[in-house]
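What follows is a single structure, written as structure tokens, with notes after it.
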Amino acid sequence: MEHKRTPKNIFVQGAILPEKIANSIANHSSKTDIGGHSIFLGQVRADQKEGGNVRAIEYTAYEEMALEKAFEIREDIFTKYPLTCMHIYHSLGEVKTGEICLFVFTSSKHRKAAMDACEELVERIKKELPVWGKELVDNDTSVWKENTNV
Amino acid sequence: MEHKRTPKNIFVQGAILPEKIANSIANHSSKTDIGGHSIFLGQVRADQKEGGNVRAIEYTAYEEMALEKAFEIREDIFTKYPLTCMHIYHSLGEVKTGEICLFVFTSSKHRKAAMDACEELVERIKKELPVWGKELVDNDTSVWKENTNV
Amino acid sequence: MEKINTSFKVIAFGMIAEKIKTKELVLEGIPNTDVLTGYLHQQYPELQHLKFSIAINKKQAVGNTMIPLGAEVALLPPFSGG
Amino acid sequence: MEKINTSFKVIAFGMIAEKIKTKELVLEGIPNTDVLTGYLHQQYPELQHLKFSIAINKKQAVGNTMIPLGAEVALLPPFSGG
């Protein structure tokens, strides 16, 4: 087993940079049993709200609980799918529109496991992690974000 | 519509570099109606063969037909899913084990469309594009690759 | 006779913290989550219109759950990460 | 009487090109894909054991298909991209 069965920090201050994603991909080139990587990236949208457009989302979390929960989700997904690697990164603090706030990365010998696991991870992260996004509108008001199922 | 309805080249000589992927992600930060990106990466595995391990795959294609087919697939997927962007890159020539040979990238307002479209794109690319991989084994023999459904 | 300290910490997040205007409360003598909810609804009437769940020592409580001595209790509005 | 040039180009890929030892053939007087397959099986017996499909002007032929004048015909082993 190449993955470590210990809780990992998943939180990143501010936006997740494309360079971080590139480094993460490059780090897997030595794992020559991997045939497919599946990546999901959440990006902050400039949604229209009453009085203006979203300019950023400010994320807060119940960090200790979120890390315990993320560990539990990781274990479940590793049990369910034949994965080589799995990585989860979520932003805390302010992330501007157009920037990346979530990076989920699964790798497997074959594509199907990587894709199915990635999708399930994203759904569980959105549903089960105690993380909250507050949409900051450009007229200085704010709206608490609500997750949808699409 | 932000995508161009004209055939695009999808072929890249040699491996697809992580920096290319990072640039492609970064290029989407100005599209603030995007909420989710789904990415699939194919990586060359060092599979065991009679007499040795795969050290690289050499890709050839019926390029003109592949580009026409890729265009047709793109149109179908754009019709089926509410996507903002879609990108397909496939290697030609030699790609070493651990390197990336396929990069499929879909973006949408909501995650589900991006993920479903990405998965369908990957399946159709593998099934319908006239591209062939020849696995080069480290004892100087070679084996024509066969795609599986996993 | 010694007095048992039955106080526990309540931490609030997101919209709940905003409504009750604090991120942390110390309460005492509240045996379970139903009593806690009743207390909060009475103290902070605005919470009557908000959905939130309760975690005890970092596990989400399902149904009415006992609050153990010295527990860390958290008030969690609907999650909206990602 | 003028003689009509019925020749067409056949391009081969992957394992098929390897077996027939060329990437390109020029054939003539072959009206459809069934006759083409028969001709290839006879000329290159090894192809009898290989699966391949035929594209005419970059479209995969389904069933027996006429080969038009000056067509670009391609012999395609099972795809294995990605």
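Residue numbers (numbering that gives the first Met the number 0), protein chains in the order written: chain A, 0 to 149; chain B, 0 to 149; chain C, 0 to 81; chain D, 0 to 81.
Note that CB positions come from ideal geometry on N, CA and C, so glycine has one too.
Closest in alpha carbon position to Gly62/D, among Thr36/D, Glu27/D and Ile10/D, is Thr36/D. Rounded to the nearest whole angstrom, the C-alpha separation of Ala45/B and Ser23/B is 27 Å. Straight across, the Cα-Cα distance linking Ala14/B with Ala60/B is about 15 Å. Per DSSP, the unbroken alpha helix (DSSP H) holding Arg110/A starts and ends at Arg110 to Glu127. Approximately 7 Å separates the beta-carbon atoms of Lys50/D and Pro76/D; this is inside 8 Å, confirming the contact.
At a C-beta separation below 8 Å, Glu145/A has these neighbours in chain C: Pro77 and Ser79.
Between the C-alpha atoms of Ile10/D and Ser106/B there is a straight-line separation of about 37 Å.
Taking the C-beta atoms as reference points, His27/A is found nearer than 8 Å to Cys84/A. With contacts defined by Cβ atoms closer than 8 Å, Ile56/A and Lys144/A form a contacting pair. Between the segment 29–47 of chain B and the segment 27–38 of chain A there are three or more inter-stretch CB-CB distances shorter than 8 Å, so the stretches are counted as touching. Taking CB atoms only, Ala55/A has no neighbour in chain B less than 8 Å away. Straight-line spacing of the CA atoms in Lys126/A and Asn31/C works out to 25 Å.
The Cβ atoms of Met64/A and Ala54/C lie closer than 8 Å to each other. In the structure shown, His27/B falls within a coil segment according to DSSP collapsed to helix, strand and coil. Interface residue (Cβ-Cβ distance to chain A less than 8 Å): Gly13/C is classified as such.
Within 10 angstroms of the beta-carbon of Glu134/B lie 16 or more other beta-carbons, which makes it buried. Around the beta carbon of Gly97/B, 16 or more other beta carbons sit within 10 angstroms, so the residue counts as buried.
With its beta carbon at least 8 Å from every one in chain A, Gly132/B lies outside the interface.
Rounded to whole angstroms, the gap between the alpha carbons of Ser79/D and Thr31/B is 36 Å. Contact check for Leu26/D and Ser6/D: beta-carbon distance about 7 Å, within the 8 Å limit, so the pair qualifies.
Here the alpha carbon of Thr147/A sits roughly 11 Å from the alpha carbon of Gly81/C.
Boundaries of the alpha helix (DSSP H) around Tyr38/C: Thr32 to Gln42. In this structure, the CA atom of His89/B is about 26 Å from the CA atom of Gly51/B.
In the structure shown, Asn22/B adopts helical secondary structure according to DSSP, grouped into three states. Taken atom to atom, the span from the alpha-carbon of Ile20/A to that of Gly28/C is near 49 Å. Nearest neighbour of Tyr43/D by Cα position, chosen from Met65/D, Ile19/D and Gln59/D, turns out to be Ile19/D.
For Glu93/B, the secondary structure class from DSSP, reduced to helix, strand or coil, is strand. Proximity of Met85/A to chain B, defined by a Cβ-Cβ separation below 8 Å, is not satisfied. Note that the C-beta distance between His86/B and Phe104/B is below 8 Å. For the segment 7–18 of chain A, the beta-carbon criterion of a distance under 8 Å to any beta-carbon of chain B is satisfied by Pro17 and Glu18. Membership of Thr78/A in the alpha helix (DSSP H) is indicated by the continuous run Glu62 to Lys79.
For Lys57/D, the residues of chain B that pass the 7 Å Cβ criterion are Glu63, Met64 and Glu67, in the order they occur in the chain. At a cut-off of 8 Å between C-beta atoms, Ala116/B does not count as an interface residue with respect to chain A. For Ala54/D, the closest Cβ of chain B is nearer than 8 Å.
Among the residues facing chain D, Thr105/B is not included, as its CB has no counterpart in that chain under 8 Å away.
The secondary-structure analysis by DSSP pairs Leu135/A across a beta bridge with Ala55/A and Ser141/A.
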